[in-house]
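K.L.:
Protein chains in written order, with the working numbering: chain B, 358 to 713; chain Z, 358 to 713; chain D, -1 to 324; chain H, -1 to 324. Ideal placement from N, C-alpha and C gives every residue a C-beta, glycine not left out.
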Amino acid sequence: MTQAASFTIERTQYLNAQGRPTQPLPAFAEDRDTLIDLYRAMVLTRTFDAKAVSLQRTGRLGTYASSLGQEAVPVGVAAAMRAEDVFLPSFREQGGQLLRGVRMVEILLYWGGNERGSDFIGPREDFPICVPVGTHAPHAVGVARAFQLRREARVAVCVFGDGATSRGDVYEAMNFAGVHRLPVVFVVNNNHWAISVPRARQTAAETLAQKAIAAGIPGTQVDGNDAIAVRHVVGVAIEQARVGKGPALVEALTYRLSDHTTADDASRYRDDAEVSARWQEEPIARLRQYLSDTGQWGKADEEALIGDCASQVDAAASEYLAAPALPPTAMFDHLYAALPSALTEQRVELEKATNP
Amino acid sequence: MTQAASFTIERTQYLNAQGRPTQPLPAFAEDRDTLIDLYRAMVLTRTFDAKAVSLQRTGRLGTYASSLGQEAVPVGVAAAMRAEDVFLPSFREQGGQLLRGVRMVEILLYWGGNERGSDFIGPREDFPICVPVGTHAPHAVGVARAFQLRREARVAVCVFGDGATSRGDVYEAMNFAGVHRLPVVFVVNNNHWAISVPRARQTAAETLAQKAIAAGIPGTQVDGNDAIAVRHVVGVAIEQARVGKGPALVEALTYRLSDHTTADDASRYRDDAEVSARWQEEPIARLRQYLSDTGQWGKADEEALIGDCASQVDAAASEYLAAPALPPTAMFDHLYAALPSALTEQRVELEKATNP
Amino acid sequence: MSEITLVEAVRLALARAMEEDDTVLLLGEDIGVDGGVFRATDGLIKRFGADRVMDTPLSESLFTGLAVGLGAQGFRPVVEYQFMGFIYPAIDQIVNHAGRLRNRTRGRLSCPMVIRAPYGGGIRAPEHHSESMEALFAHIPGIRVIIPSSPARAYGLLLAAIRDPDPVVFLEPKRIYRAPKEEIADDGVSAPLDHCFMLREGRDVTLVTWGAMIVEALAAAETLAAEGVEAEVIDVATLKPLDMETILSSVGRTGRCVIVHEAPLSGGVGAEIAAGLADRGLVNLLAPIRRVAGYDTVMPLSRLESSYMPTEERILRTMREVLAYA
Amino acid sequence: MSEITLVEAVRLALARAMEEDDTVLLLGEDIGVDGGVFRATDGLIKRFGADRVMDTPLSESLFTGLAVGLGAQGFRPVVEYQFMGFIYPAIDQIVNHAGRLRNRTRGRLSCPMVIRAPYGGGIRAPEHHSESMEALFAHIPGIRVIIPSSPARAYGLLLAAIRDPDPVVFLEPKRIYRAPKEEIADDGVSAPLDHCFMLREGRDVTLVTWGAMIVEALAAAETLAAEGVEAEVIDVATLKPLDMETILSSVGRTGRCVIVHEAPLSGGVGAEIAAGLADRGLVNLLAPIRRVAGYDTVMPLSRLESSYMPTEERILRTMREVLAYA
Ligand SMILES: Cc1ncc(C[n+]2csc(CCOP(=O)(O)OP(=O)(O)O)c2C)c(N)n1
Ligand SMILES: Cc1ncc(C[n+]2csc(CCOP(=O)(O)OP(=O)(O)O)c2C)c(N)n1
Ligand SMILES: [Mg+2]
Ligand SMILES: [Mg+2]
């Protein structure tokens, strides 16, 4: 027997659950503004999620997937991206979308059942939310291949959950990215649950990062409740990809503190005790602790921030609630670039049914 | 950074290309009959393949996929199985099917376009040939799950090509096998080509065995031109699976010396020089060399074997050529367990069209 | 006997089938402790254990192929897709394997599986959760496609589907999952496959429909009845193979037919029904065969879904058109 | 101008499109050095390089999703499936993404891709290589489905498909890949999408068909012509959206219609055509609308495929039945 290949998977953390550095922080963390921006984005995301859930509870929004407790992942990822990169989120990365310039009202419109929500005014090339789990991973390699063909120094960043790693699409996309050394970074937002199915029932693999080994690309783990670590590890992967060093997979370890969506009741399948324990590790308190320990953040800052987030979110909610539905005929208007004549009759019929 | 996991992939060989042992042989190799059986099965397979190709060339058989140069893989795999196990081949494992008791005439009927070829008289539970690449891997885990649920000490064995490892199905099946520690062994028949696409363009992974790491199951490589090594390594995996130690992936490294199928012309896309070099490593000469070096095989044995294989194959070909087509209405007869009445009219119409 | 909902009827039939036959297994996402996103399998894992009620990893293609393997080994797997929008990765296994395993092995191996999926709009669900794509399945050889339209038919048809030795795609109209309720005796009596159900008799016009649309169809029939026009309402129930005999005989009597389905008009199952009438029922037709269907568009998000789906009003208008022919 | 085959016409159109537009890319298995299993892309990798003619790993789902990403980025990918039997894993990407990307983003992103696949029987190919499942695609919103039936139409329609800003499923009838040949000027002129082609005019009966079946349909028309009966033969060409106007106007003139397709009868595209006639063309009908189609069975292996596929004889018999109505 001879050894044909060997591999290791590393894990990175900078701030532990108590907000204390476990190793010297990366250079960007010396800049207060950078850290504060991460912190603000996480708090805004949490405020936004709370509002969306309450809109749903009061019948003014459809099903919604909160990212409570997972804010560091999308925020850290988006913070590591450049404007010209392309983001391909699943459905729990609103924190990243906001940082990318997607407007809160757009996200609300989407979950409120209005297609306009995916016509982002901001990042025009970013992909809309992807509901069929894992099916956007092949799109990410398509986008990355486009960058490669045009010799653009841009990176596609695709985020999906632990459950998504069981889908062949995700594996196939990583495998293809490996063959062509595409500028794409895959991030597993491992919140340890896929609705009611715990991480351990998705796969016998010790880590999800090692899924990369099958694709011949680097895989690594990061503490997904440590925004600094996510920002750093994903950032390194993105910059490597940008300069032609190929794709990577980053597994961010976090935890879904909320129900799966507003349509879910997690108490049916998981222990409160587990959830309480995980509250001790959540990302916002952790970064706040570090910021205040290092004298970069005080009570007044916090109060101002909370007020600011609340008013931004309220304004977005009002705008959302005031937004009219699309006219029914809108369902024909972007179906094709130009409506085939075979469909004009149906459109007329709908128009008549709508305004009889 | 801490280390979260580490892995290695081993490779096993017993006989090198010159037929010389590179390490002490496994115990079964002390039994002459066992080795001779492996040898015979490979020679029979090669003889059968040659006949099938010639039937195709003369218009008496449809497209056919020869296993020239790869005989050690299916033969070694099937030799490692027990009768009660279930074999799920792709379309290039006739050597294994024959050893399992599928009749040569059945294989010819299949490729000759007669469904009867998949109604094996021998191994009733074995799966028929699978043409859509990799789609039988999920069936294998279904079969293995059936064994597990019934607490039967049986193993499902699934073989597919290097190309198939790019399909999500194969990854998904391995991943599921890992979660339930199913009694299933996956074998990659890595002949280095998927039609015109070389192994290196399928994946950036250094080995195909490491695809197992993503599934959290053991993966290993074996010299696929060394029948003893294949028989041994796959046998160990099967017996582990049988006693509840879970699934495994074995990558057998071999080479497709023939065209992809009779419909293919490999000279369009690969060098003769590459093929010639690979002829030096083919499995039959290697085992014969070892057998004759150790005095277990002589010229007379060889001549007798060749004659025997030829007559078996000729008999099968004659039986095949004499076999009538199914009656056209057969296309309705096993469509459902009982033909729905909505279809009787179509069946009658077909009958009338056939015998006007 | 008690009044139960359609989704409860599904659960009752699953439990009954599992009780009477050890080889019946349930597979899917979140069907175990969580009891399924619509609670169709609620409590079954407690009753039958995790071996028989298995949460799979998140892969529809995988668990469909898994069911093919289990089926070939003599089990009767019932797989659940959370929503029809996630069933497409399974089509490969359905077309290339489930629908043909028996045929290609001349009966040696077979595939007695049931593929369950909630489908259709009307519950303000998110994107990809509201489509009606039953026609894709109704064209696949070697399978059955069943859609129940009431608790009782859900119970009886699901039992029949599970007991059937061939693959069945069983689509559940989720808009009527929770209402109306119906009395059901859990007597293990299955309903006939391959047969339409006559929901209402009438001499003037035939309304052919299935799934949740029977609500609007029956309402339209009642409205017309108040005007003295009697519509015959047929629930197709088995979309493949199609019981054209019942439809032909009804339209033979009424001379008029309106077909209603939620799925996009073009290439919907309504087309096959109309085609059957245009062939074998033409002589009796007094009026064009009209279809009231979803538009040939992407199913819109929830704000517009009610504009997409056929309404009682659209059905009525079409019926009146058809009735206007002399 | 020279006489070329249908598969050569495909290659010519691909080359032309790549020549005139840098964003046109080819993706698929064995399309590079090997030139595709039917040689549709022969020589193109030499001419346009491996960046634009890319052999993908063996995964249909992957390369379809890849094309969605490329399309969203402004490329025009043309993906090849070796046989239609391997296209099913791609349906998820087609339904859930390609067909709706434009709609769901209100035009912000789109998906100008072409999905090419040889289909149909008649070349004694192995299992899973001979099916005709175009109806599955013709029901999917947001896409087009095109089937050429001659070298010239293959050239013109493929150019149109590639230039079209929306996803097109382009199915190539492989039975007529190599014969008959036709003169083609490589002038870059596309053929109109969304329109039927009138292959033969006639006053007595309308024959509607597509793909390789035009061979049998035209033969049947000739046979009848010798008897003084003139059949109008329509090549549908665009199966979605369907040009019912042309068909209606023809049947309006002839009063009789026979539809021919290789795909299984039930739920085939013929049903939609018959349904359209039964609605908007009913008043002109002199006879039932008949379909001559594949049976509702699994496509048999090669020994029986000729019994499965519609023959000139079956078409003729059906036409005579239809003509017998007073
Ligand atoms: C293909 C597919 N199957 C099923 C679903 C229903 N569903 C929505 S989210 C979800 C679990 C996803 O888990 P994971 O990937 O871990 O993401 P998370 O929700 O935890 O963020 C499921 C099963 C879906 N959206 N898509
Ligand atoms: C899903 C699918 N796609 C394409 C094909 C056409 N095809 C037949 S064999 C083959 C290559 C298979 O390569 P590999 O898995 O390495 O097996 P090998 O033929 O080398 O034994 C391809 C592309 C197919 N049969 N199935
Ligand atoms: Mg998760
Ligand atoms: Mg190979």
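(1) Kindly say whether valine 607 (chain B), judged by its beta-carbon, lies nearer than 7 Å to any beta-carbon of chain H.
(2) Check the Cβ of valine 500 (chain B) against every Cβ in chain H and list those closer than 8 Å, keeping chain order.
(3) Hey, is arginine 301 (chain H)'s beta-carbon within less than 7 Å of any beta-carbon in chain Z?
(4) Taking 7 Å as the CB-CB limit, is isoleucine 43 (chain D) close to chain H?
(5) Does DSSP put valine 590 (chain Z) in a helix, in a strand, or in coil?
(6) Output, in chain order, the set of chain H residues within a Cβ distance shorter than 7 Å of tyrosine 86 (chain D).
(7) Hey, how far is the Cα of phenylalanine 543 (chain Z) from the Cα of aspartate 294 (chain D)?
(8) Quick check on the DSSP output: what are the complete alpha helix (DSSP H) runs of length 4 or more inside the segment 129 to 217 of chain D, in order along the chain?
(9) Would you say leucine 692 (chain Z) faces chain D, with C-beta separation under 7 Å as the test?
(10) Under 8 Å by Cβ, that's how I've got glycine 67 (chain D) and alanine 497 (chain Z) pegged, so tell me the actual separation to the nearest angstrom.
(11) Looking at the strands, I want to know which residues DSSP matches up with threonine 359 (chain B).
(12) Quick one, are the C-beta atoms of tyrosine 612 (chain B) and asparagine 548 (chain B) less than 7 Å apart?
(13) Regarding aspartate 406 (chain Z) and ligand 4, is the C-beta to nearest heavy atom distance less than 6 Å?
(14) State buried or exposed for tyrosine 323 (chain D), treating a residue as buried only when at least 16 other CB atoms are found within 10 Å of its CB.
(15) Taking buried to mean at least 16 other C-beta atoms within 10 Å of its own C-beta, is isoleucine 478 (chain Z) buried or exposed?
(16) Go ahead and pull the three-state DSSP assignment for glutamine 578 (chain Z).
(17) Is aspartate 518 (chain Z) a contact residue of ligand 4, with contact defined as CB to any heavy atom under 6 Å?
(18) Consult DSSP for glutamate 1 (chain D) and reduce its assignment to one of helix, strand or coil.
(19) Which runs of the beta strand (DSSP E) spanning at least 3 residues fall entirely within the segment 490 to 571 of chain B, listed in chain order?
(20) Do alanine 422 (chain Z) and ligand 4 come close, with the Cβ less than 6 Å from some heavy atom?
(21) Enumerate in chain order the residues of its own chain whose CB-to-CB distance from valine 434 (chain Z) is below 7 Å, with the five nearest sequence positions on each side excluded.
(22) Using a Cβ cut-off of 7 Å, which residues of the segment 493 to 518 of chain B contact any Cβ in chain H, in chain order?
(23) Just by C-beta distance, which residues in the segment 521 to 554 of chain B are closer than 9 Å to chain D?
(24) Give the range of the beta strand (DSSP E) segment to which alanine 609 (chain Z) is assigned.
(25) Please confirm if threonine 420 (chain Z) has its CB atom under 7 Å from at least one CB of chain H.
(26) Could you pull out every residue in the same chain whose Cβ sits closer than 7 Å to the Cβ of valine 22 (chain H), ignoring the five residues on either side in sequence?
(27) Can a CB atom of chain Z be found closer than 7 Å to the CB of proline 165 (chain D)?
(28) Apply the 10 Å Cβ neighbour rule to glutamine 427 (chain B) and answer buried if 16 or more other Cβ atoms are within range, or exposed otherwise.
(29) Is it buried or exposed, threonine 359 (chain Z), if we count other Cβ atoms within 10 angstroms and call 16 or more buried?
(30) Of the choices Z:Ile552, Z:Met688, Z:Leu382, whose alpha-carbon is the least far from that of valine 705 (chain Z)?
(31) Between the segment 176 to 190 of chain D and chain H, which residues of the former have a C-beta closer than 8 Å to a C-beta of the latter?
(32) Take leucine 382 (chain Z) and list the residues in its own chain whose beta-carbon comes closer than 7 Å to its own, dropping the five residues that flank it on each side.
(33) Where does glycine 470 (chain B) land, buried or exposed, given buried means 16+ other C-beta within 10 angstroms?
(34) Got a sec: does ligand 4 put a non-hydrogen atom nearer than 6 Å to the Cβ of asparagine 582 (chain Z)?
(35) Got a sec: does ligand 4 put a non-hydrogen atom nearer than 6 Å to the Cβ of valine 551 (chain Z)?
(36) Got a sec? Which residues, its chain only, sit under 6 Å from glycine 292 (chain H) by beta carbon, not counting five neighbours each side?
P.N.:
On the basis of the coordinates in this document:
(1) Judged by the 7 Å Cβ criterion, valine 607 (chain B) is not in contact with chain H.
(2) Neighbours of valine 500 (chain B) across chain H, judged by C-beta separation under 8 Å: Gly67, Leu68, Ala70, Gln71.
(3) Residue contact with chain Z for arginine 301 (chain H): present (Cβ-Cβ distance below 7 Å to some residue of chain Z).
(4) For isoleucine 43 (chain D), the answer is no, since every Cβ of chain H falls outside 7 Å of its Cβ.
(5) Reduced to three states, the DSSP call for valine 590 (chain Z) is helix.
(6) Contacts between tyrosine 86 (chain D) and chain H, judged by CB atoms closer than 7 Å, involve Ile89, Asp90, Val93, Asn94 in chain order.
(7) Cα to Cα, the separation comes out at about 44 Å.
(8) Listed in chain order, they are 132 to 136, 149 to 161.
(9) So, interface residue.
(10) About 6 Å separates the two Cβ atoms, so the contact holds.
(11) Answer is Z:Arg368, bridged to threonine 359 (chain B).
(12) Taking 7 Å as the Cβ cut-off, tyrosine 612 (chain B) and asparagine 548 (chain B) qualify as a contacting pair.
(13) At a threshold of 6 Å, aspartate 406 (chain Z) does not count as near ligand 4, since its beta carbon sits no closer than that to any of the ligand's heavy atoms.
(14) Here tyrosine 323 (chain D) is exposed, its C-beta having fewer than 16 other C-beta atoms within 10 Å.
(15) It is exposed - the Cβ of isoleucine 478 (chain Z) has fewer than 16 other Cβ atoms within 10 Å.
(16) In the structure shown, glutamine 578 (chain Z) adopts extended strand secondary structure according to DSSP, grouped into three states.
(17) A small correction: the amino acid at residue 518 (chain Z) is glycine; aspartate does not occupy that position in the sequence shown. For ligand 4, at least one heavy atom lies less than 6 Å from the Cβ of glycine 518 (chain Z).
(18) In the structure shown, glutamate 1 (chain D) sits in a strand (DSSP, three-state: E or B).
(19) 513 to 518, 541 to 547, all fully within the segment 490 to 571 of chain B.
(20) No; taking the cut-off as 6 Å, the Cβ of alanine 422 (chain Z) has no heavy atom of ligand 4 nearer than that.
(21) Same-chain partners within the cutoff: Gly453, Val514, Val516, Val544, Val587, Val591.
(22) Per Cβ criterion, the list reads Pro495, His496, Ala497, Val498, Gly499, Val500, Arg502, Ala503, Leu506.
(23) The segment 521 to 554 of chain B vs chain D, Cβ under 9 Å: Ala521, Thr522, Ser523, Arg524, Gly525, Asp526, Ala551, Ile552, Ser553, Val554.
(24) Run containing alanine 609 (chain Z): 605 to 610, per the beta strand (DSSP E) assignment.
(25) At a cut-off of 7 Å between beta-carbon atoms, threonine 420 (chain Z) makes contact with chain H.
(26) So the list reads Ala15, Met16, Arg74, Val76, Ile160, once near-sequence residues are dropped.
(27) Not an interface residue.
(28) Result: buried.
(29) Answer is exposed; the Cβ neighbour count stays below 16.
(30) Of Z:Ile552, Z:Met688, Z:Leu382, the residue nearest in Cα terms is Z:Met688.
(31) Going along the segment 176 to 190 of chain D in chain order, one finds no residue with a Cβ nearer than 8 Å to chain H.
(32) Around leucine 382 (chain Z): Tyr371, Ile585.
(33) Burial call: buried.
(34) Every heavy atom of ligand 4 is 6 Å or more from the Cβ of asparagine 582 (chain Z), so no.
(35) Looking at the sequence itself, residue 551 (chain Z) is alanine, so the reference to valine does not match. Indeed, a heavy atom of ligand 4 lies less than 6 Å from the Cβ.
(36) Close CB contacts of glycine 292 (chain H) within its chain, under the 6 Å cut and outside five residues either way in sequence, are with Glu260, Ala261, Pro262, Tyr306 (chain order).
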